[in-house]
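J.:
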Amino acid sequence: MHDVRHDQLTDWLAEKHKSNQVTLQPLTGDAGFRRYFRFQLNEQSFIAVDSPTQYCNNKAFVQMSKRLVQADILQPEIFYHDNEKGFFCLMDLGDILLADVLSPDTVIEYYQRAIDLLPVIAMLPQENLPHYDADFVRMELDIFTQWLLKEHLDITLSPEERQSLATCFDCLIDNVLAQPQVVMHRDFHSRNLMCYQQQLAVIDFQDAVIGPVTYDVVSLLRDCYVKWSDDVVEQALKYFIAHYGKQLTGENISTAQWRRWFDLMGIQRHVKAAGIFARLKHRDGKPSYVKDIPLTLHYIVDVCQHYPELASLKQLVIDKVLPLVEHKEAK
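Laid out in structure tokens, this is it:
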């Protein structure tokens, strides 16, 4: 089928650059609806983005880009954009993701450098940013029930199971609301950080919101795509608390409180992520993400065992969810 938007994007770039030599090379996309291309002109490389306005929050991307520039955080500079068309021409930051360079020997150094960005992001201007409030969080948690349990695994919960799960979700929501609220990236992990000329660059920041202080650090340390040892996570979390805990909260929070905030925040994020990975397959036609579901479920089980109030969530995952997921994987 003819790709009309590809032609429109090429024509738009040709007009902007006053050149008929624009040839787009497709790049691997992300979990969203945006498409990325690389092109060269006059020995300079650029990234073109097709970001359809009906699916993508382009105004938020432009707004956050300006705030990151003002805060001196490296990100893909916008050379040209057309909000109505949903087209962007961006700085080319290369191909090296943080995920590509992490190893047992480098992970602590890189994670500390990534953590150093978090207080800068947290203190960005909050105007016009949505709040990660109870309704927002509940909507995300419901993705787990609708898309992983029902659509992907065909699990029907009994009334008692539904009530127990709702109680666990209430606990996770309370944890979100109890924390100091800051600007958060909302997808701060090793695939959304790039290595460019000895610096870390931030990408995919258009979904930023005002929310809990531990959200971004748990996204990084308990990454949905890669698992590190408890020692690595502990060391990096201690670095975050020691260097930025008081700066971000204005008070001395106990280590035990930080740990609870962090752990429950991670469970909430992984419950949501498991549902989103299933939705990507069944709604969006992107089946490759289902291979990442088991890691999110193992995170949930591992952490829930330290919190008796989440025992029913842990048992649901152990008894019903994981066996079906692993059976599907084995096929």
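Residues 235 to 565 in the numbering used here are what the sequence shown lists, from first letter to last.
Quick reminder that beta carbons are idealized off the backbone N, C-alpha and C, glycines included.
Please give me, in chain order, every unbroken run of the beta strand (DSSP E) with length at least 3 that falls completely inside the segment 347–434.
T.: DSSP runs (the beta strand (DSSP E)) wholly in the segment 347–434: 415–418 and 427–430.
J.: Quick one: any contact between the segment 372–391 and the segment 506–525, if contact means 3 or more CB pairs under 8 Å?
T.: Short answer: they touch.
J.: Since residue 273 is in the beta strand (DSSP E), which residue starts that stretch and which ends it?
T.: Unbroken beta strand (DSSP E) run through residue 273: 269–275.
J.: Can you give me the C-alpha to C-alpha distance between residue 384 and residue 551, rounded to a whole angstrom?
T.: Cα-Cα distance, rounded: 14 Å.
J.: Using C-beta distances below 7 Å, list every residue in its chain close to residue 516, excluding the 5 sequence neighbours before and after it, in chain order.
T.: Only 381, 385 and 386 meet the Cβ criterion.
J.: Assess, as a yes-or-no matter, whether the segment 451–464 is touched by the segment 428–440 under the definition of 3 or more beta carbon pairs within less than 8 Å.
T.: No: fewer than three Cβ pairs fall under 8 Å.
J.: Measure the alpha-carbon distance for residue 324 versus residue 331 and round it to whole angstroms.
T.: Going by the C-alpha atoms only, they are around 17 Å apart.
J.: On the DSSP bridge list, what partners appear for residue 316?
T.: According to DSSP, which records beta bridges pairwise, residue 316 is partnered with 321.
J.: Residue 542 by DSSP, collapsed to three states: which one?
T.: In the structure shown, residue 542 sits in a helix (DSSP, three-state: H, G or I).
J.: Mark residue 300 as exposed unless 16 or more other C-beta atoms lie within 10 angstroms of its C-beta, in which case mark it buried.
T.: Exposed, by the Cβ-count rule.
J.: Assuming the contact rule is C-beta atoms closer than 8 Å, residue 447 and residue 356 should be a hit. Round their C-beta distance to whole Å, please.
T.: Contact holds; Cβ gap of about 7 Å.
J.: In chain order, what residues of the same chain have a beta carbon less than 8 Å from the beta carbon of residue 548, not counting five sequence neighbours either side?
T.: 534, 535, 538 and 539.
J.: Excluding sequence positions up to five away, which residues of its chain have a Cβ less than 7 Å from the Cβ of residue 286?
T.: Hits under 7 Å: 267 and 320.
J.: If you drop the 5 nearest sequence neighbours on each side, which residues of the same chain put their C-beta closer than 7 Å to that of residue 298?
T.: Closer than 7 Å at the Cβ level, and outside the excluded window around residue 298, lie 439, 440 and 442.
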